[in-house]
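Peer 1:
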Amino acid sequence: MANTRNNPIEDLGMHLPMICDRYELRDDVQPGAGKYRGGIGVVKAQRVLTAGFITHESERHFDVPWGLFGGCEGVVGKTEIYNVASPEQVASMPSKFSGYASKAGDVMAYYSPCGGGYGNPLERSAEQVREDVLDDFCSLDQAYEVYGVVLDEQVRLDIEATRARRQQLQG
């Protein structure tokens, strides 16, 4: 499979001996913080059903997506290959490779980069940060440490404590 970019998984499954096991937002990292946070990457894991060869091309495995105007850096992408029979044996792959000899049951998981933030994270509205926590785009710790937003364990916003925390972070 080469130069497929983002072909529909249904189309690939009809024409190639493969199944898409996972295609969803990344849950292993968080995007770059900012007044406007960076976009969250995706993970796409495709399992081959017969032996063959895999060619893959992507970017940003080493160069971190930068933040702008006070925004925080994003997160690099990665590509991993493992076999369903021994998923604990994971091979980290470069961003570009060609002719990888695969076996039936091999899974190639591509994790796209997460974007950097734009603008000072302390300028993001506290309610937007709360929504990000509820949507798993931000942790409670990141909300407090980076955005200066104080939320309790039930993700309720403490407006006065948030105002004080943000003043503390601004120095």
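Start counting the sequence shown at 646; every next residue gets the next number (the numbering used here).
For every residue, glycine included, the Cβ atom is placed at its ideal position computed from N, Cα and C.
1) Would you list, in sequence order, the uninterrupted beta strand (DSSP E) runs of no fewer than 3 residues that lie entirely inside the segment 651 to 691?
2) Taking only the alpha-carbon atoms, compute the straight-line gap between G762 and V791 and give it to the nearest angstrom.
3) Beta-carbon of A788 versus every beta-carbon of chain C: anything under 8 Å?
4) Just to confirm, is the Cβ distance from G793 to R811 under 8 Å?
5) Using C-beta distances below 8 Å, list every residue in its chain close to G658, excluding the 5 sequence neighbours before and after it, in chain order.
6) Using the beta-carbon count (16 or more within 10 Å), is L713 buried or exposed?
7) Suppose the cutoff is 7 Å on Cβ atoms and the five residues either side in sequence are ignored; what does the same chain contact list for P758 look like?
8) One question on the structure: do R671 and K689 come within less than 8 Å of each other, judged by their Cβ atoms?
9) Ignore the nearest five residues each way along the sequence and tell me which others in G683's own chain have a CB closer than 6 Å to its CB.
10) With a Cβ-Cβ cutoff of 8 Å, do V800 and A749 count as a contact?
11) Distance check for G715 and E805, CA to CA, integer angstroms please.
12) Considering only residues of the same chain and omitting the five flanking positions on each side of Q628, which have a CB-CB separation below 8 Å?
13) For A647, which residues of its own chain have a beta-carbon under 7 Å away from its beta-carbon, when the five flanking residues on both sides are left out?
Peer 2: According to the structure shown:
1) 663 to 670
2) 12 Å
3) Reference to chain C is not applicable here, since this structure consists of a single protein chain.
4) yes
5) I664 and C665
6) exposed
7) G686, R705, P710, G719, V720, V721 and G722
8) no
9) P676, G677, G719, C759, G760, G761 and G762
10) no
11) 24 Å
12) Any question about residue 628 goes unanswered here, given that the chain covers just 646 to 816.
13) Model confidence at A647 stands at a pLDDT of 45, short of 50, so the residue's coordinates are unreliable and nothing is read from them.
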